[in-house]
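Numbering (the numbering used here), first residue to last: 3 to 383.
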Ligand SMILES: Cc1cc2nc3c(=O)[nH]c(=O)nc-3n(C[C@H](O)[C@H](O)[C@H](O)COP(=O)(O)OP(=O)(O)OC[C@H]3O[C@@H](n4cnc5c(N)ncnc54)[C@H](O)[C@@H]3O)c2cc1C
């Protein structure tokens, strides 16, 4: 086993910022969570709040109006919001997911056109890779783009796209060479003729985040909207996801901590057999295990984020490991949180059933946990 870099340190100002974000989340977002989950309603008020507080600037460099505070700080913020509401944390996560292709691979012109509006929170992006028949294997996608004069003409239907109908532009991946099946990444603005919002899904969790099918029918975009090189779209997608799956891991840690904190407080109040249930060792051990696994998940997440910030050669492996461990932890911990609350854990009056439903997606998106295990196993040969 190779050494994997220095231990990370978190600057005091980042801890202070995190505490402020946590307070905003508890005071302003938590009271909305049950309602936006029930109604499956995109919380425009929360998005405005995150913009006003410069939280949506966290994924961006100062040259584009962002905070320039890096990946670890961004994901500490995702965690803080996810402690109370995983759907609202996704607003910040997609702000990174839908702009990182431009940040990492885009031309200066694309950066100038699209990044400042997202850093200020006025505009929102989406990342449109998955298709009905191409999820884990994006190379199997059917969406095509064909060059016609100076413009690319895009046709196809994407699937499961977060921020559908909310996004101002979609990072869209399409096959541009049918023989070699090479992909290219494009920026497609939502107001281009031929673009439409298709079916929206009814989901188990993260219900306040709209997910669905953007449709592209002879959508024409100029050559300037190509991100990186023609034919190198798969590298754009994988290079982005390598970093953004840390967001899913942070969301998972937030959910796990939120559920643990709620269960701890509940167990101190709820009495059975004439005493608080936290006096029973059976409950104490559950709470202790929830705290232990969440803390362990957080350490792996922060280390992986620090490695991303340092450009460490093993950052992709650690990003995958953090994603798997944190999401599996969130699932296990939230199931236990429901158990600690008993019947009250199973009803919507209490938040832990929502946390359990929200936790599940973290094992699926940003590359399923099975695919991450395949990727990690490859590094062990
Ligand atoms: C709520 C939600 C939001 C999403 N947001 C976005 C988004 O914004 N943008 C976007 O592009 N996509 C998005 N996705 C799509 C998501 O990334 C895919 O669902 C995911 O990659 C899995 O693809 P699939 O659903 O087609 O499953 P499949 O690829 O069909 O997989 C089905 C099962 O087979 C397993 N499997 C597949 N291949 C292998 C293998 N080689 N070895 C072992 N097991 C394997 C998978 O792990 C899984 O368990 C979102 C999905 C959801 C549900």
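Glycine included, C-beta positions come from ideal geometry on N, C-alpha and C.
DSSP links residue 154 through a beta bridge to 149 and 223. Closest in alpha carbon position to residue 53, among 88, 34 and 118, is 118.
Short note on residue 80: C-beta not closer than 7 Å to any heavy atom of ligand 1.
In this structure, residue 336 places its C-beta atom within 8 Å of the C-beta atom of residue 258. Less than 8 Å divides the Cβ of residue 310 from the Cβ of residue 317. Under the DSSP assignment, residue 33 falls in the alpha helix (DSSP H) whose first and last residues are 32 to 41. Under DSSP, residue 202 forms a beta bridge with 214. Within the stretch 87 to 158, the beta strand (DSSP E) runs of at least 3 residues that lie entirely inside it are, in chain order, 127 to 130 and 146 to 150. Beta-bridge analysis with DSSP links residue 374 to no other residue. Every unbroken stretch of the alpha helix (DSSP H) spanning 4 or more residues and falling wholly within the stretch 335 to 380 is given here in chain order: 354 to 363 and 371 to 380. Restricting attention to 115, 372, 73 and 147, the CA atom closest to the CA of residue 187 is found in 147. Distance from the CA of residue 216 to the CA of residue 145, rounded to the nearest whole angstrom, comes to 11 Å. In the structure shown, residue 185 falls within a strand segment according to DSSP collapsed to helix, strand and coil.
Residue 23 has no beta-bridge partner at all, per DSSP. If you check the CB distance, residue 12 and residue 74 come in under 8 Å. Relative to ligand 1, residue 367 has its C-beta within less than 7 Å of a heavy atom. Taking the Cα positions, residue 97 is about 44 Å away from residue 281. A distance below 8 Å between beta-carbons, with the five flanking residues on each side excluded, links residue 16 to the following residues of its chain, in chain order: 71, 74, 75 and 78. When only Cα atoms are considered, residue 166 and residue 223 end up about 19 Å apart. In the DSSP assignment, residue 168 falls outside any alpha helix (DSSP H), carrying neither H nor E. Contact between residue 361 and residue 332 holds: CB atoms are separated by about 4 Å, below the 8 Å threshold. Taking 8 Å as the cut-off, the beta carbon of residue 198 is found no closer than this to the beta carbon of residue 247. Residue pairing by DSSP places residue 278 opposite 273 in a beta bridge. Straight across, the Cα-Cα distance linking residue 66 with residue 346 is about 47 Å.
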